[in-house]
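Be aware that the sequence shown starts at 205, since it is given in our numbering, and climbs by one per residue.
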Amino acid sequence: MNESVRQRRVQYETAGLDLADLAADPITQWHRWYAQAEQAGCVEPNAMVVSTIGADGLPDSRYVLTRGVTDDGFDFFTNYLSNKSRQLDALPGVSALFTWLQLHRTMKIRGVAVRIPEGESDEYYASRPRASQIGAWASPQSQVLRDRAELEARVAQVEARFAEGTVIPRPAEWGGWRIEITEAELWQGRPSRLHDRFRYRRAPEQPSGWIIERLAP
Ligand SMILES: Cc1cc2nc3c(=O)[nH]c(=O)nc-3n(C[C@H](O)[C@H](O)[C@H](O)COP(=O)(O)O)c2cc1C
205 MNESVRQRRV QYETAGLDLA DLAADPITQW HRWYAQAEQA GCVEPNAMVV STIGADGLPD
265 SRYVLTRGVT DDGFDFFTNY LSNKSRQLDA LPGVSALFTW LQLHRTMKIR GVAVRIPEGE
325 SDEYYASRPR ASQIGAWASP QSQVLRDRAE LEARVAQVEA RFAEGTVIPR PAEWGGWRIE
385 ITEAELWQGR PSRLHDRFRY RRAPEQPSGW IIERLAP
C-alpha cells in the first residue's frame, strides 16, 4: 500500500446541506450546483462519468460532457457505434456522476438512456467547431486502430471529402443520448466524514413529483 495515499486526509469544511436548502426537484438542484461549480472555477463542470453495463455483465465507465439538462433529462453526444452506445442499446440502464471536488460535492443520477430526436442531434452537431465535426466522421470510436497514422489518414480523407466552407452533415452514427432520471443523490463533504447525503426518488403523488430523503454517510 502506498503510504501517502493511505494517510492522505482532507477535512471537508464546506458548509452543510439541509433539506430546507434543496430545490424540490433534482433538475433545478443540478442547475444551482452547476452555477456554483462554474463560479468556483471547477474544471469541466458539465463533465459526468457515465456507467453502463457491458455484455460481459461488468460495469463500464467513461466521462462525457452533458450538453443539455432539462425536465426531459441529461443529454450527451457520442458515436452510436461506440462501446457505450452498443451497451445502452442492449441495456439502457445508466448511472452517471458529476464530481465538483473543489466544492466537495458530487451528484449521482440513475435512470434510463434513450436516443434524442434526430433534429436535436443535427442542431447540436451544426453548432460544433468544424474540426470536431470532422473528428466525428473520422473516428470509428472504440474500435482498434493500427496506429496514430491510421487516425490521421482518416482525418485527411474526411477533410478532402468536405471542401472548406461547405456544410458538413451529421454522420448517421453520431448523435445524442438522453438520460431520463428516476433517482438522484447529492453528496456534500463534511468534517469527520459525517457528510450530508440526500436522495431524490420519483413520487408521482407528490406536488413536485419527487420525495427527498436524507441518507447516512
Ligand atoms: C472530460 C471528458 C469529456 C468527454 N466527453 C465526451 C463526450 O461528450 N462524448 C464522447 O463520446 N466522448 C467523450 N469523452 C471521451 C470518453 O470518455 C470516451 O473515451 C469515449 O467516448 C469512448 O468511450 P466508449 O469506448 O466507452 O464508448 C470525454 C472524455 C473526457 C475526459
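Heads up, the beta-carbon is just placed ideally off N, CA and C, and yes, glycines get one too.
Asked                                                                                                  : Found
Bridge partners - K312, DSSP secondary structure assignment                                            : L301 and E389
Ordered list of alpha helix (DSSP H) runs contained in the region 333 to 366, each at least 4 residues : 334 to 342 and 352 to 365
Reduced DSSP secondary structure (H/G/I, E/B, other) of Y329                                           : helix
Length of the line joining the Cα atoms of L301 and F278                                               : 11 Å
Span separating the alpha-carbon of H263 from that of I416                                             : One detail in the question is off: residue 263 reads as Pro in this sequence, not His. Cα to Cα, the separation comes out at about 27 Å.
Distance cut-off 6 Å: R266 Cβ against heavy atoms of ligand 1                                          : yes
Contact check, A340 vs W378, beta carbons under 7 Å                                                    : yes
The region 248 to 267 contacting the region 293 to 300, beta-carbon criterion three pairs below 8 Å    : yes
Member of Q215, A227, D222 and R213 whose CA lies at the smallest distance from the CA of P411         : A227
Alpha helix (DSSP H) runs wholly inside the region 235 to 295, at least 4 long, in chain order         : 287 to 294
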